[in-house]
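Respectively, the protein sequence lines represent chains A and B. Whatever position you read off the first sequence (first residue = 1), add 245 for our numbering. Whatever position you read off the second sequence (first residue = 1), add 40 for our numbering.
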Amino acid sequence: MPVYNEKVMDHFMNPRNVGEIENPDGVGEEGNPVCGDMMTFYIKVKDDRLEDVKFKTFGCGAAIAVSSMVSEMARGKTLDEALKITPQSVADKLEGLPKNKFHCSNLGAQALHKAIEDYRQKKGGK
Amino acid sequence: MRKVYLDNAAGMPLLPEVREAMLPYLGEIFGNPSSLHDWGDGAREALENARSQAAGLIGANPEEIIFTSCGTESNNLAVKGLALAQQAKGKHIVVSAIEHFSVLHAARTLEKWGFEVSEVPVDKFGVVDPAGVRKAIRKDTVLVSIMHANAEVGTIQPIKEIAQITRELKIPFHTDAVATAGTIPVDVGALGVDALSLAGDRFYGPKGAAALWVRKGARLIPLLDGGIQEGGRRSGTENVAGIVGLGKAAEIAQAQMAARMQKLTPLRDRFLKELPEKVGHIIITGHPQNRLPGHASFCVEFIEGESLLMMLNSRGIAVSSGSACTSRALKASHVLIALGLSHEIAQGSVLFTFGRDNTGDDIDYVLEAMPPIVERLRQMSPVYDKFLKAAKGGK
């Protein structure tokens, strides 16, 4: 039996929204390569909505699939809606992650939230 | 799709001749080797024949061979059994930092039982310095256990030189030869050790059959209490078919060893040379020359080993990795860390182990398939981004 289900494999082998956004409105980074996974999310915001979401990820198959899924879930959502994305809702959308990968590789939602916080801080500071 | 199996350190195919030799013991010859009737005699004869074959592989006396279920059991029996048998003399043992977990964790259990353990470090190639072993030995040392070769980085240890020290100081010396027995020449007399572990599945035998050789006269406390199988040192009804397979595989390994080494060494050397030419920022782990014949291991910078393994698998290529994400415990390989590699570099670990079925065409295929995969993973790696930006900024 493969370690990852078909949905996770699809997002790992064909990740959506990989890359960087030039002059992003917010950037969020979570994890570090020492413990295994590291994700950087870039967002573009228009009228309080996530117009574009891109990411770069260093990590295992689960980490890459999670990032891809988070980017897909977040695109088009309002900032408050996007803040409701949780590791659990990402894992559910992926139809399950291996138990031991749930915590360490499931950092995408946090990275996205940090990008949104970064945007709000910058905006508040203006 | 082309299939290229390069994970022989994890699992090897069973030789057809070995399977043939095993079949009667999964069929008509089902007796218990301990039974005194004809049915038992047939099984016992097979067991003793396998004992001679296993002993022949390592230049030992058949009566000094104890059959076990796996390399892990052999190592546990050696480390715990030899140490416990001598605890009246002292409660200190010496191991290397890169032992297999079946030695390291057995040593940890001994610590819980009141022993002290010294771990000898290795150099950047993974070599244990015999002088380091001498330094670690104390008056109350009752066992030294250093592996013959490490399966993760391939490095072969100076066992003879270490044995000179342990003999001079009269301390029992066990070596975990699971990675070497059946692969490169192993002779217990020439090595000068007192106990040695080997496993049949490491030389095209079946899983579930292994052995511990213990020099005659050495005292050993058994791990299992029960009947007097294996001279009372390993109770439990023997895995006759598996042991027959181990014996047959040992006999064939002995006969074919030189030819196998002659085939694997050039494949390894070519791969160690050509992969770094195709993939930049890659580090060879382990000793560049003094390593197992079919063993090539690397750390690929800026990417993580599990995703590399999975993408290679999607191209039909089977490899291993010592990255944290690959291990069930989610910890980077203690071997790579002991070599002085950072946790970040260790994440990019990838291990290719060649076997008898591999050819130069397999290497061609991997050399073509792997660079684009590495490039793709690097393109999505924030660590690579940071490296590129730092390199630019530095100019």
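We put the CB at the ideal spot given by N, CA and C, even for glycine.
Taking a beta-carbon distance threshold of 8 angstroms, F347 (chain A) does not count as an interface residue toward chain B. DSSP places S361 (chain B) in the coil class of the three-state scheme, outside both helix and strand.
Two segments are said to touch when three or more pairs of C-beta atoms, one from each, lie closer than 8 angstroms; by this definition the segment 245-253 of chain B touches the segment 111-124 of chain B. Linking M297 (chain B) to V226 (chain B) through their CA atoms gives a straight-line distance of about 11 angstroms. Looking only at B:I377, B:Q269, B:M410, the smallest Cα-Cα distance to E192 (chain B) is reached by B:I377.
Inclusion of N277 (chain A) and V311 (chain A) in the CB contact set at 8 angstroms is not warranted, their separation being larger than that value.
Three or more Cβ pairs closer than 8 angstroms define a contact, and the segment 273-292 of chain B falls short of that threshold against the segment 307-327 of chain B. Interface criterion met: the Cβ of M283 (chain A) is under 8 angstroms from a Cβ in chain B. The contact set of V263 (chain A) on chain B, defined by CB atoms closer than 9 angstroms, consists of Q419, M420 in chain order.
I309 (chain A) reaches chain B at S347, M420, counting residues in chain order whose Cβ is nearer than 8 angstroms. Counting only the Cα atoms, V390 (chain B) lies some 8 angstroms from L348 (chain B). For H214 (chain B), the beta-bridge partners assigned by DSSP are B:S185, B:A235. Along the length of the segment 327-367 of chain A, whole alpha helix (DSSP H) runs at least 4 residues long occupy 332-338, reported in chain order. Assignment of I283 (chain B) by DSSP, reduced to helix, strand and coil, places it in the helix class. Of B:F243, B:L263, B:K43, B:A50, the smallest CA-CA separation from S360 (chain B) is found for B:A50. Taken through DSSP and simplified to helix, strand or coil, G276 (chain B) comes out as coil. Taking a Cβ-Cβ cut-off of 8 angstroms, the neighbours of P260 (chain A) in chain B comprise M420, given in sequence order.
M41 (chain B) is classed as exposed because its beta carbon has fewer than 16 other beta carbons within 10 Å across all chains shown. In this chain, the beta strand (DSSP E) harbouring F392 (chain B) covers 389-393. By the neighbour-count definition (other C-beta atoms within 10 Å, threshold 16), Q93 (chain B) is a buried residue. Excluding sequence positions up to five before and after Q294 (chain B), its CB lies within less than 7 angstroms of the CB of G96, L97, all in the same chain and listed in chain order.
Under the Cβ criterion of 8 angstroms, I343 (chain B) is counted among the residues facing chain A. Within chain B, the residues whose beta carbon sits less than 7 angstroms from that of K301 (chain A) are M420, S421, P422, D425, listed in sequence order.
One alpha carbon belongs to K175 (chain B), the other to L209 (chain B), and they sit about 12 angstroms apart.
In the DSSP assignment, Y244 (chain B) is bridged to no other residue. Residues of chain B with a Cβ closer than 7 angstroms to the Cβ of P278 (chain A) are, in chain order, E384, Q387, V423.
DSSP places K43 (chain B) in no alpha helix (DSSP H); its state is neither H nor E.
Counted as a single uninterrupted DSSP element, the alpha helix (DSSP H) harbouring A90 (chain B) occupies residues 78-98.
Interface residue (Cβ-Cβ distance to chain B less than 8 angstroms): G341 (chain A) is not classified as such. Sorting A:D363, A:A307, A:N268, A:C280 by C-alpha distance to the C-alpha of D255 (chain A) places A:A307 at the top. Of the residues B:T277, B:K426, B:D402, the one whose Cα lies closest to the Cα of A83 (chain B) is B:T277. Between A203 (chain B) and G229 (chain B), the gap from beta carbon to beta carbon reaches 8 angstroms or more. Taking every protein chain shown into account, the CB of D363 (chain A) has 16 or more other CB atoms within 10 angstroms, so this residue is buried. For S373 (chain B), the closest Cβ of chain A is not nearer than 8 angstroms. Not a single C-beta of chain A is nearer than 8 angstroms to the C-beta of M187 (chain B).
Residues of the segment 140-160 of chain B with a Cβ closer than 9 angstroms to any Cβ of chain A: none.
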